[in-house]
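Protein chains in written order, with the working numbering: chain P, 2 to 419; chain L, 2 to 419.
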């Protein structure tokens, strides 16, 4: 069979599985997830052995230490996958719940009921834990899933997927509910994202180039974020001590993630008071500062920021710094250069806060808090399948509800239309 | 300028307008809509004159009487557009409302707030009233709109759009909030649906071929339904008098629309009692019946249905008829041949009803009611911008809420992530 035929078959199998999954009770799905957790634990040595093969191939291919670290499955990381599965068991199943219900003057009872989406494709890079995390969230919401991991993690992903399939099978998980694309052929991604009528949604997770490739090839809906160019704006009304703590946290606590900040905008009236303290604090933390002329006039040790810097997602200990004349100028900057992910204002003045939250068109807009909270767990969603900067279907952190659709179930007593 | 440059400029103008629109109060938007209604009334003769030019060109091009009728703008139809605008004024503005709000253990207040989507493209065919209907719903929800009507209605659409722009301008509607693509170049559609980063959503409304063309070319999200192959299933537990009335209504009341039924499935235990009565009733209404072997054994005057008939959307007084052995067989038929739009079961048995509503994966699933109710007004949404058989963002009739997205507004007191 050709790759195309293989992928179409995989799609057909997923559709059949999704119909069977939709019939499972929450109790049954939890039994399945528990069996998967047990099987991951039982196959721990086999999973580590498979991972060791990926690691060895990665070393021979000259993978960077950072990438090798992302690829590694230690006992602690396997424990963490198992713990994640059990956390999903504890979450409320949204499928079947009534979102709303009303009665029309003619007596029709209209109910809006949550349903699974159907078949979801997940395309991801090196971290093998995504295999377990994404599959468990899909199964909990009765969605069949087609997983396509990075080739560097293929052995690890296969071992994890096989463990979950085997655990699920013991509790009557419909066959083909979890499928992993086992070829390293890059064309498989294109085939997957063009399976119209079979795949209902694709979620790419990884670097910007992976996501752009998926979006360009896709014929099915895609939910994604390309990147996180997040900002903290320090207003003239800011509590500057609070601003310092938030900037430090948002930049340094984990600089390589999408909700870390890449830029600080400071109101000109507090720039002289704020920037030297910020520079001292961040320089001690090994952050490289790149400022505009006004910022460098106050802190001459800053490098000069270029126009490209304002667009950049560093994912590193680098921070762009700009002095602005007003909250409106800050909003303009964020609108032009930002990625509509997460942006925060530090301000005590209520009107300024409101202007910022109303006009900044980002998935998450913060007042007096770190952007690092844009995360399913931190929002209290219990889990996260991804973060969306799209405006349709789901925006911001996506949990279980965002993996559902709805249908109208309309109950009548013989009503016909006049 | 090239067509491409023209469309990019239109997109940029729409983005700027959408930002200004997002700042308008509900009161201001209602003043704008009222001024538009007044202007449509004031320009009634100019609109009819423009329409007369379209009608004349249509006659010369040999347009069918049915298409010419869809194109015609009578005084009654202009009144109806104006009434429609005033109905939209009366609806509640969803933008800015809080969908939900919760407080995290660390004190963060997380609010999910409705926002406009941004820029919406509407691609439609001959009926010029869509220009007013779609634009008014977009303005009410603070979305900028780019309209692309059919070339046969160009003069009418231009006259309506100009009236709405002029009315809006009197009440400070941001410039470029409503734009109409004034070229008949077919490539304009392709350019429009590839305006990534400028157009947030495209909704094609029209025949299946138009919609397929849009989906194939699109780089931006599209919400649509291709067609409506809707079913009534008459169960063995059905009240057969009720079933007759519902089948008649769903087939005959307006056969050319997407929520009319194209097929009736009848349980074998009631086929002998039901089908002759149904055939008498529908034949008197000039409906052509096309049955499977079992149906024709009971009503020999039926034509023979082919495999293609089960997939067909006739949009005409034709009905496919099949005898099935169980509700499960009916569900299988609907899953295989249906379009996931609207399907109804006529049954008194509660368990059978529940099985049908759970397993039929359509935007609207009915019990003992006509499928003709799948409509924004009939559902009580107040208005309708379209009907979706997609599973993402919106499913079924789409009203004002479905023209919104949301963002998270998170209020803190200095929280940083541990």
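Note that beta-carbon positions come from the ideal geometry of N, C-alpha and C, so glycine has one too.
Every value quoted in this text rests on a predicted model; they were computed, and no experiment measured them.
Flag residue i as yes if its beta-carbon sits less than 8 Å from any beta-carbon of chain L, otherwise no.
i                      : result
residue 14 of chain P  : no
residue 52 of chain P  : no
residue 374 of chain P : yes
residue 408 of chain P : yes
residue 11 of chain P  : no
residue 225 of chain P : no
residue 98 of chain P  : no
residue 416 of chain P : yes
residue 367 of chain P : yes
residue 363 of chain P : yes
residue 327 of chain P : no
residue 350 of chain P : no
residue 358 of chain P : yes
residue 371 of chain P : yes
residue 412 of chain P : yes
Alpha carbon to alpha carbon, how far is residue j from residue i? Give it in angstroms, no decimals.
i                      : j                      : result
residue 124 of chain L : residue 178 of chain L : 16 Å
residue 73 of chain P  : residue 187 of chain P : 23 Å
residue 243 of chain L : residue 278 of chain L : 12 Å
residue 158 of chain P : residue 407 of chain P : 31 Å
residue 214 of chain L : residue 147 of chain P : 27 Å
residue 196 of chain P : residue 12 of chain P  : 7 Å
residue 402 of chain L : residue 376 of chain P : 25 Å
residue 64 of chain P  : residue 390 of chain P : 30 Å
residue 78 of chain L  : residue 130 of chain L : 8 Å
residue 89 of chain L  : residue 384 of chain L : 7 Å
residue 295 of chain P : residue 267 of chain P : 10 Å
residue 142 of chain P : residue 291 of chain P : 45 Å
residue 283 of chain L : residue 319 of chain L : 10 Å
residue 51 of chain L  : residue 337 of chain P : 41 Å
residue 96 of chain L  : residue 117 of chain L : 6 Å
residue 53 of chain P  : residue 287 of chain P : 34 Å
residue 316 of chain P : residue 218 of chain L : 34 Å
residue 34 of chain P  : residue 221 of chain P : 28 Å
Tell me, please, whether the CB atom of residue i is closer than 8 Å to any CB atom in chain P?
i                      : result
residue 236 of chain L : no
residue 381 of chain L : yes
residue 288 of chain L : no
residue 246 of chain L : yes
residue 394 of chain L : yes
residue 218 of chain L : no
residue 243 of chain L : yes
residue 202 of chain L : yes
residue 118 of chain L : yes
Buried or exposed: where does residue i fall if 16 or more other Cβ atoms within 10 Å of its Cβ makes it buried?
i                      : result
residue 121 of chain P : buried
residue 104 of chain P : exposed
residue 2 of chain P   : exposed
residue 71 of chain L  : buried
residue 14 of chain P  : buried
residue 98 of chain P  : exposed
residue 62 of chain P  : exposed
residue 308 of chain L : exposed
residue 263 of chain L : buried
residue 28 of chain P  : exposed
In chain order, what residues of the same chain have a beta carbon less than 8 Å from the beta carbon of residue i, not counting five sequence neighbours either side?
i                      : result
residue 76 of chain L  : 45, 49
residue 250 of chain L : 371, 373
residue 108 of chain L : 413, 414, 416
residue 247 of chain P : 233, 345, 347, 369, 370, 371
residue 341 of chain P : 362, 363, 364, 390
residue 82 of chain L  : 41, 130, 133, 134, 161
residue 149 of chain L : 122, 123, 124, 125, 181, 182, 189, 190, 193
Closest Cβ-Cβ distance between residue i and chain B: below 8 Å?
i                      : result
residue 103 of chain L : This model lacks chain B altogether; the protein chains it does include are P and L.
Return the chain-ordered list of same chain residues with a C-beta closer than 7 Å to the C-beta of residue i, the five sequence neighbours on each side being excluded.
i                      : result
residue 361 of chain P : 332, 335, 344
residue 241 of chain P : 271, 274, 275
What residues in its chain sit with their C-beta under 6 Å from that of residue i, if we drop five residues either side in the sequence?
i                      : result
residue 204 of chain P : 123, 224, 387
residue 126 of chain L : 151, 207
With a threshold of 7 Å (Cβ to nearest heavy atom), would residue i be considered close to the ligand ATP?
i                      : result
residue 270 of chain P : Within the structure as shown, the ligand ATP is missing, as the structure has no ligands at all.
Complete alpha helix (DSSP H) runs within the region 248 to 291 of chain L (minimum length 4 residues, chain order): Within the region 248 to 291 of chain L, the complete alpha helix (DSSP H) runs of at least 4 residues are 269 to 285.
Unbroken stretches of the alpha helix (DSSP H), 4 residues or longer, contained in the region 320 to 395 of chain P: Here the runs fully enclosed are 328 to 338, 351 to 360.
Whole beta strand (DSSP E) elements within the region 153 to 178 of chain P, 3-residue minimum: Counting only runs of 3 or more, we get nothing.
Beta strand (DSSP E) runs wholly inside the region 94 to 131 of chain P, at least 3 long, in chain order: Within the region 94 to 131 of chain P, the complete beta strand (DSSP E) segments at least 3 residues long are 99 to 104, 110 to 117, 120 to 125, listed from N- to C-terminus.
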